[in-house]
Amino acid sequence: MISKILVASLALCFLSTANAVELRDPGSYFFDETFGDMTEEIENARDDDKKAILIMFEMDECPYCHRMKSTVLNRSDIQDFFKEHFLILTMDVEGDLEMTDFSGETTVQKDFALKQFRVRATPVFQFIDLEGKPIRRARFTGATGSPDEFMLLGQFVIDKEYEKMSFTKYKREKMSEADNS
Numbered sequence: 009m010i011s012k013i014l015v016a017s018l019a020l021c022f023l024s025t026a027n028a029v030e031l032r033d034p035g036s037y038f039f040d041e042t043f044g045d046m047t048e049e050i051e052n053a054r055d056d057d058k059k060a061i062l063i064m065f066e067m068d069e070c071p072y073c074h075r076m077k078s079t080v081l082n083r084s085d086i087q088d089f090f091k092e093h094f095l096i097l098t099m100d101v102e103g104d105l106e107m108t109d110f111s112g113e114t115t116v117q118k119d120f121a122l123k124q125f126r127v128r129a130t131p132v133f134q135f136i137d138l139e140g141k142p143i144r145r146a147r148f149t150g151a152t153g154s155p156d157e158f159m160l161l162g163q164f165v166i167d168k169e170y171e172k173m174s175f176t177k178y179k180r181e182k183m184s185e186a187d188n189s
């Protein structure tokens, strides 16, 4: 009896390890490096055949930013999927680093976030098209409820569903499809 329990326990451990997602540092594996020139980043995204640029507006003291980094953005499946389709940048909403915005004007990170994108809470995930324009309906404020929801957000942009509906409606439809299958 004990050997059967031991075998069952070992099998369960093996299955859960086999299905586990590798966790990696989001700073090294999720975000791309930038020198702060958004006009150059558009060119890089085009050259790399990306669908869009994703900017995560964040700040150091933000618990929701830390939650996203430690429960979603650290997952290898999320990292691999997003890196394949998007150029991914992070922006400090309190930062004083000088940068060049999408129209070629010099500014600092905090002004870029507040004045150009009206970021008032963090995190904000904003998708930018390859013309340097924010994609309407492709902005998410706060932490997602799950890694699956964040993946849906990426798929929403890849499939250009934002041209037809809001992310909330898209998510509802996808969850309904999953329930019916």
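Under the numbering used here, think of the first position of the sequence shown as 9, with each following residue one higher. All C-beta atoms, glycine included, are put in the ideal place defined by N, C-alpha and C.
Who pairs with residue i in a beta bridge, going by DSSP?
| i | result |
| --- | --- |
| methionine 107 | Thr115 |
| phenylalanine 65 | Met99 and Val132 |
| alanine 60 | Phe94 |
| arginine 8 | Residue 8 lies beyond the stretch modelled for the chain, which goes from 9 to 189, so this question has no answer here. |
Would you give the residue range spanned by the alpha helix (DSSP H) that residue i belongs to?
| i | result |
| --- | --- |
| glutamine 163 | 155-166 |
| methionine 76 | 71-79 |
| methionine 46 | 46-55 |
| asparagine 188 | 175-188 |
| tyrosine 37 | 34-37 |
Are there 16 or more other CB atoms within 10 angstroms of the CB of residue i, so buried, or fewer, so exposed?
| i | result |
| --- | --- |
| proline 71 | exposed |
| asparagine 188 | exposed |
| isoleucine 13 | In this prediction, isoleucine 13 scores a pLDDT of 42, lower than 50, which makes its location untrustworthy; the coordinate-derived value is nonetheless stated afterwards. Flag for isoleucine 13 reads exposed. |
| phenylalanine 133 | buried |
| phenylalanine 43 | exposed |
| lysine 59 | buried |
| alanine 121 | buried |
| leucine 105 | exposed |
| alanine 186 | exposed |
| lysine 77 | buried |
| threonine 114 | exposed |
| threonine 152 | buried |
Please work out which residues of its chain come closer than 6 Å, Cβ to Cβ, to residue i, disregarding the five sequence neighbours upstream and downstream, and give them in chain order.
| i | result |
| --- | --- |
| glycine 112 | Thr47 |
| alanine 26 | Legend: pLDDT at alanine 26 = 45, less than 50; position of this residue unreliable, value from coordinates given subsequently. Same-chain partners within the cutoff: there are none. |
| phenylalanine 148 | Phe133 and Leu161 |
| isoleucine 169 | The identity of residue 169 in the sequence shown is glutamate, whereas the question assumes isoleucine. Cβ within range, chain order: Tyr178. |
| alanine 146 | Phe135, Val165 and Tyr170 |
Whole-angstrom Cβ separation of residue i and residue j, contact assumed at under 8 Å?
| i | j | result |
| --- | --- | --- |
| isoleucine 61 | glutamate 69 | With a Cβ gap of about 25 Å, isoleucine 61 and glutamate 69 do not count as contacting. |
| phenylalanine 89 | glycine 162 | 6 Å |
| methionine 99 | glutamine 124 | Incorrect: roughly 10 Å between the Cβ atoms, too far for contact. |
| glycine 150 | alanine 129 | 7 Å |
| phenylalanine 158 | valine 80 | 5 Å |
| leucine 97 | phenylalanine 38 | Rounded, the Cβ-Cβ distance is 10 Å, inconsistent with contact. |
| valine 29 | arginine 75 | Wrong, their Cβ atoms sit about 17 Å apart, outside the cutoff. |
Mind checking which residues open and close the beta strand (DSSP E) that includes residue i?
| i | result |
| --- | --- |
| aspartate 100 | 94-100 |
| arginine 144 | 142-149 |
Residue i CB to nearest chain D CB: under 8 Å?
| i | result |
| --- | --- |
| phenylalanine 135 | Going by chain labels, chain D is absent from the structure shown, which holds only one protein chain. |
In chain order, what residues of the same chain have a beta carbon less than 8 Å from the beta carbon of residue i, not counting five sequence neighbours either side?
| i | result |
| --- | --- |
| glutamine 87 | Arg32, Pro34, Tyr37, Phe38 and Leu81 |
| proline 142 | Phe125, Gln134, Phe135 and Ile136 |
CB-CB under 7 Å to residue i, same chain, minus the five flanking residues each way: which ones, in chain order?
| i | result |
| --- | --- |
| histidine 93 | Lys58, Lys59, Gly162 and Ile166 |
| isoleucine 63 | Leu97, Met99, Gln134 and Ile136 |
| aspartate 85 | Val29 |
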